[in-house]
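Everything on this sheet refers to the single structure shown next.
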Amino acid sequence: MDRNTVIGFLLITLLIIAYTLYNIPSAEELERQQRIADSIAAAQATEKKLLEQQKQATTAPAAQQRKPAASFLFSGDTMQPPRLVTLENELLRMQLSSQGAYPVSVEIKNYKTYDQRPLLLFTAPNSQLSFTLPAGNQNVQTGDLLYDIQAGPQTATATDSAWVRFRAYGPSGSYIEHRYSLASGSSQVQYRMTLSGLDSLIRTPSPYLQLNWMVRFNHTEKDLLTERNNSTIYLRTREGDVDGISERSTGEKQMPGKFQWVSAKTHFFNVTLITDAPSDEATISSNFAETDTFVKDLRAELILPLDPAPEVHYDFSFYAGPNNYQALKRTGLGLERIIPLGAGLFGAISLPLNKFFIIPLFNWLDNYHLHYGVIILIMTLILRILLFPLTYRSFVSAAKMKVLKPEIDELREKYKDDQTRFGQEQMNLFRRAGVNPFGGCIPLLLQLPILAAMYTFFPLSVELRQQKLWWADDLSTYDSILDLGFSIPFYGSHVSLFTIIMTITSVAFAVYNNQLAGVQGPMKWMAYLMPIMLLGFFNSLPAGLTYYYSLSNIFAFGQQFVIKTWFIDEEAIHRKIQENKKRPLKKSRWQERLEHLQKQQQQRMKQKQKQRSRK
Numbered sequence: 155m156d157r158n159t160v161i162g163f164l165l166i167t168l169l170i171i172a173y174t175l176y177n178i179p180s181a182e183e184l185e186r187q188q189r190i191a192d193s194i195a196a197a198q199a200t201e202k203k204l205l206e207q208q209k210q211a212t213t214a215p216a217a218q219q220r221k222p223a224a225s226f227l228f229s230g231d232t233m234q235p236p237r238l239v240t241l242e243n244e245l246l247r248m249q250l251s252s253q254g255a256y257p258v259s260v261e262i263k264n265y266k267t268y269d270q271r272p273l274l275l276f277t278a279p280n281s282q283l284s285f286t287l288p289a290g291n292q293n294v295q296t297g298d299l300l301y302d303i304q305a306g307p308q309t310a311t312a313t314d315s316a317w318v319r320f321r322a323y324g325p326s327g328s329y330i331e332h333r334y335s336l337a338s339g340s341s342q343v344q345y346r347m348t349l350s351g352l353d354s355l356i357r358t359p360s361p362y363l364q365l366n367w368m369v370r371f372n373h374t375e376k377d378l379l380t381e382r383n384n385s386t387i388y389l390r391t392r393e394g395d396v397d398g399i400s401e402r403s404t405g406e407k408q409m410p411g412k413f414q415w416v417s418a419k420t421h422f423f424n425v426t427l428i429t430d431a432p433s434d435e436a437t438i439s440s441n442f443a444e445t446d447t448f449v450k451d452l453r454a455e456l457i458l459p460l461d462p463a464p465e466v467h468y469d470f471s472f473y474a475g476p477n478n479y480q481a482l483k484r485t486g487l488g489l490e491r492i493i494p495l496g497a498g499l500f501g502a503i504s505l506p507l508n509k510f511f512i513i514p515l516f517n518w519l520d521n522y523h524l525h526y527g528v529i530i531l532i533m534t535l536i537l538r539i540l541l542f543p544l545t546y547r548s549f550v551s552a553a554k555m556k557v558l559k560p561e562i563d564e565l566r567e568k569y570k571d572d573q574t575r576f577g578q579e580q581m582n583l584f585r586r587a588g589v590n591p592f593g594g595c596i597p598l599l600l601q602l603p604i605l606a607a608m609y610t611f612f613p614l615s616v617e618l619r620q621q622k623l624w625w626a627d628d629l630s631t632y633d634s635i636l637d638l639g640f641s642i643p644f645y646g647s648h649v650s651l652f653t654i655i656m657t658i659t660s661v662a663f664a665v666y667n668n669q670l671a672g673v674q675g676p677m678k679w680m681a682y683l684m685p686i687m688l689l690g691f692f693n694s695l696p697a698g699l700t701y702y703y704s705l706s707n708i709f710a711f712g713q714q715f716v717i718k719t720w721f722i723d724e725e726a727i728h729r730k731i732q733e734n735k736k737r738p739l740k741k742s743r744w745q746e747r748l749e750h751l752q753k754q755q756q757q758r759m760k761q762k763q764k765q766r767s768r769k
């Protein structure tokens, strides 16, 4: 491996380091991570208590459950306590309360939390859906009202949907109604809100309805910090633009326009409110939860036009499910764009590669129901085969530079006191020999898009979640063979074996290349130090990613061995270079133009000198 090849490796390494540094959490986030160990027991106790409260909600005494209605204008059957109604099918289970008539918990079936409990995205009282209705001389909050319940089947079948209707009555037969329905095999809960007979109560100077939605996600993944850094809220306009708050930050954003959906997402799951109702403006916000029990507080406020007609309908739906790219794309709503496959410094190159190559290849292999460790191995092999021409060109360039090394050393010794002249003579040698000095690093740089795409793809793949491979219990997060009990700066509090294997194979690959190319001095040791420096950066990355990089190093080593053994003949390369040096050097148009400009410059200088001498 010649100097330029080493430079290519260093450039790729520096770009990876820059991308990793870009994603390093803030000091505030690190402090929160430090408190996780102290609060995890309390978190589990709190969630257990919430589950018990939900189970007991339908049997507790009325005096303990009843809450007063928020408005004297509307009320349901106040003789009944608040009750929970469950709608479920094969994919999800949603609980709704008659106090507010909105979802209070959502469970994604077929998935478990990192400690193998039912995966509840949120539980009471960590969600709210309420409309601010300007009725009479007050603003009515629909989320505070107590509603009557009319329920159909609670479990969806092939012939019947599960449904429930909540209704709060007002004066003169008016009412507010919320109706939810769930079909079999669907991840979308259909939702309609109806305002009937309220035209006489609506204040005409305020013909707007404000929708307030809040979700506080439960902590469901192994690494809370990573979970937080991949959670945020997005909003899509009817023109197709998707905007939101950066996943690694918090804040509030106001946006005008007509909106199609607003999506609250965590690392691997999302709950999305889809609307057919026209909207004029929206405000979304993302903030860290007050305790480490939860991930983030995600909120949205939509301003909807309010038609003072005798009966008005607002149609919505809730989508709840995993962040599976293909499944979200099948909705036809652009929901797959909540998965940031092109975020960060390398977005322009990683996004198209992931969309049109990596994900289709992954899904194609997944159709054969192979183990995900085998799928990653096959993907790595396919990519190394596709990259073989670039690897071959890089190795041939390195071989040419190795053959020229004795002559370069002679020039370096001859012009050791004149580095400018040495550089000129070295470039002349390259031209006469027909060798491109950048031929070693350019092919390596062309491989950078694949590295960037994989760096983005693996951490976001819900398919790898809780998939085991040897000692790794979950390919979507870091593997740990030893928990240290303390944190080492720039490394962490655990030991990832896949990261160690990746580092060892990287160093071994560098050693092999340096021996082939005869690299000496600082470049040689830099090739060894870079993989060791990356050890800390990769220690907390998903095992699927470090497993892929380890395999890639091994396959690259094999390719180098095959090329060296059966494709490269250094004696033939040497003869070819000597033949090239005997041929007359053909100048490129650029060289001819450059020499012409130099001659013109020299003539001008001579003319100026003559003019000065005459004076």
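Position one of the sequence shown corresponds to residue 155 (this note's numbering), numbered consecutively onward.
C-beta: ideal position from N, C-alpha, C; glycine also.
Suppose the cutoff is 6 Å on Cβ atoms and the five residues either side in sequence are ignored; what does the same chain contact list for residue i look like?
i              : result
glycine 771    : Here the chain has residues from 155 to 769 only, and residue 771 is not among them.
valine 649     : Ile635 and Leu636
methionine 347 : His332 and Tyr468
Quick one: using the 10 Å Cβ neighbour count with 16 as the cut-off for buried, is residue i buried or exposed?
i                 : result
threonine 574     : exposed
asparagine 264    : exposed
lysine 554        : buried
arginine 768      : exposed
glutamine 253     : buried
tyrosine 522      : exposed
alanine 195       : At alanine 195, the pLDDT of 41 sits below 50, so the modelled position is not reliable and the matter cannot be decided from this model.
threonine 631     : buried
valine 528        : exposed
aspartate 446     : buried
leucine 695       : buried
phenylalanine 640 : exposed
leucine 535       : exposed
glutamine 218     : Low per-residue confidence applies at glutamine 218: pLDDT is 33, beneath 50, and the placement is therefore not dependable enough to give any value.
isoleucine 642    : exposed
leucine 638       : exposed
To the nearest angstrom, how far is the alpha carbon of residue i from that of residue j?
i                 : j                 : result
isoleucine 356    : proline 514       : 52 Å
glycine 496       : glycine 398       : 14 Å
phenylalanine 691 : phenylalanine 644 : 7 Å
serine 259        : alanine 289       : 29 Å
glutamine 621     : histidine 421     : 16 Å
glycine 394       : tyrosine 609      : 27 Å
valine 616        : isoleucine 303    : 37 Å
tyrosine 268      : tryptophan 625    : 16 Å
lysine 718        : isoleucine 539    : 16 Å
leucine 275       : valine 318        : 21 Å
leucine 407       : proline 494       : According to the sequence as given, residue 407 is lysine; it is not leucine. In a straight line, the C-alpha of lysine 407 is about 19 Å away from that of proline 494.
methionine 687    : lysine 376        : 25 Å
tyrosine 479      : alanine 697       : 20 Å
phenylalanine 611 : proline 279       : 34 Å
aspartate 633     : phenylalanine 652 : 7 Å
leucine 300       : proline 432       : 27 Å
lysine 266        : aspartate 520     : 21 Å
phenylalanine 413 : serine 551        : 55 Å
Beta-carbon within less than 7 Å of residue i's beta-carbon, same chain only, minus the 5 sequence neighbours each way: which residues are those?
i             : result
aspartate 314 : Pro307
lysine 450    : Phe371, Arg382, Ser385, Ser440, Asn441, Phe442 and Ala443
serine 326    : Gly351
Which one of the options has the shortest CA to CA distance from residue i?
i                 : options                           : result
threonine 277     : Gly646, His373 and Ser328         : His373
arginine 247      : Asp298, Leu688 and Val425         : Val425
arginine 321      : Pro236, Asn293 and Thr391         : Pro236
arginine 402      : Gly475, Gln408, Thr267 and Glu381 : Glu381
tyrosine 546      : Leu531, Arg619 and Gln714         : Gln714
aspartate 298     : Ile262, Ala255 and Arg333         : Ala255
valine 661        : Leu618, Ala710, Pro476 and Leu638 : Ala710
aspartate 430     : Ser551, Arg758, Arg390 and Ile492 : Arg390
phenylalanine 511 : Ile604, Ala463, Leu245 and Gln765 : Ile604
tyrosine 473      : Ile503, Leu458, Phe423 and Leu507 : Phe423
serine 354        : His525, Ile642, Leu458 and Gly324 : Gly324
glycine 486       : Leu537, Gln364, Arg392 and Lys266 : Arg392
tyrosine 702      : Ile654, Val294, Ala726 and Leu460 : Ile654
asparagine 461    : Pro361, Leu524, Gln757 and Glu567 : Per the sequence shown, residue 461 should be read as aspartate rather than asparagine. Checking every option, the nearest Cα to that of aspartate 461 belongs to Pro361.
alanine 316       : Asn243, Leu683, Gln580 and Phe413 : Asn243
Can you find the residues in the same chain that come closer than 8 Å, C-beta to C-beta, to residue i, ignoring five residues on each side of it along the sequence?
i              : result
isoleucine 387 : Gly398, Ile399, Val416, Ser417, Ala418, Lys419, Ile438, Ser439, Ser440, Leu452, Arg453 and Ala454
glutamate 561  : Leu583
valine 396     : Tyr388, Leu389, Arg390, Gly488, Arg491 and Ile492
leucine 689    : Tyr645, Thr653, Ile654 and Thr657
Would the region 331 to 343 and the region 306 to 319 be scored as touching if the rule is three or more Cβ pairs under 8 Å? yes
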